[in-house]
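Protein chains in written order, with the working numbering: chain A, 1 to 115; chain B, 116 to 228. The beta-carbon is built from N, C-alpha and C at its ideal position, and this holds for glycine as well.
Now the structure itself:
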């Protein structure tokens, strides 16, 4: 499978705990994105990387959220001191604009439930 | 504010007929538009796109129409098949090559056998 891979697929955590999600993009895709989707809404942009550089962050990304892509390959999204409002599906996506592709390809998402 | 709007939360269509999903946008800077399909518990899957220099793009059973003056686009699926039952999201970006997408809230399409 050469698609975007995310894990864990599901995470249930207690309020106040930290959680980390990992994303492995499509091989050689230099752009990597994080989106969040809540019930009844479309995905909302959180942040994106060009290789290892984080180029843009949404105002939705509070200081409890941090994303990294240390070697320009996989990425992690960490949420510290989780709150019930963080419950959502976190989607990772990748693209290769330099290769001529303008399409963003999404992974299957990581569901977070904060109890 | 909702810059991309899908005003129909759901749509039911008989198998074999045409499905028409609509999307409106407010940001005149948007010039690249995409449709994604999403099954439950999965990530969105790209279907078809259109840039603002065109008013129609076709790919098999899927056709997207863009009316820039009305800030409106639509997705036509013909003929509709049971496997098309899913949630469809319209998305837009501010300039070609910037894939930071703004999504609508989705339309749940149900194809009735």
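List, in order along the chain, the chain B residues whose C-beta lies closer than 7 Å to that of residue 48(A)? By 1-based counting over the first chain, the position of residue 48(A) is 48. Per Cβ cutoff of 7 Å: 215.
When you check each C-beta in the segment 40–72 of chain A against every C-beta of chain B, which residues fall closer than 8 Å? 40, 41, 42, 43, 44, 45, 48 and 56
Can you list the residues of chain A that residue 204(B) reaches, using a CB-CB cut of under 7 Å? Locating residue 204(B) in the second chain gives position 89, counting from the first residue. By Cβ distance, chain A contributes 42.
Are the beta-carbon atoms belonging to residue 42(A) and residue 219(B) less than 9 Å from one another? For the purposes of this step, residue 42(A) is taken as the residue at position 42 of the first chain. For the purposes of this step, residue 219(B) is taken as the residue at position 104 of the second chain. Result yes, Cβ atoms of residue 42(A) and residue 219(B) sit closer than 9 Å.
Where the segment 14–35 of chain A meets chain B: residues whose CB sits under 9 Å from a CB there: 31, 33 and 35
Between the Cα of residue 93(A) and the Cα atoms of 44(A), 62(A) and 81(A), which residue gives the shortest distance? Reading the first chain from its first residue, position 93 is the one you call residue 93(A). Residue 44(A) is the option with its Cα nearest to residue 93(A).
Would you say residue 149(B) faces chain A, with C-beta separation under 9 Å as the test? For this step, residue 149(B) is matched to residue 34 along the second chain. Interface residue, yes.
Which residue marks the beginning of the beta strand (DSSP E) containing residue 24(A), and which one marks its end? On the first chain, residue 24(A) is found 24 positions in, with the first residue counted as 1. 19–24 is the extent of the beta strand (DSSP E) around residue 24(A).
Between 135(B), 152(B), 215(B) and 170(B), which lies nearest to residue 195(B) when the distance is taken from Cα to Cα? Looking up residue 195(B) in the second chain gives position 80. Closest option to residue 195(B), Cα to Cα, is 135(B).
Could you check where the beta strand (DSSP E) with residue 179(B) kicks off and where it finishes? For the purposes of this step, residue 179(B) is identified with residue 64 of the second chain, where counting begins at 1. 177–182 is the extent of the beta strand (DSSP E) around residue 179(B).
Rounded separation between residue 58(A) and residue 228(B) - CA only: Working through the first chain from its first residue, we reach residue 58(A) at position 58. Working through the second chain from its first residue, we reach residue 228(B) at position 113. Residue 58(A) and residue 228(B): Cα-Cα distance of roughly 42 Å.
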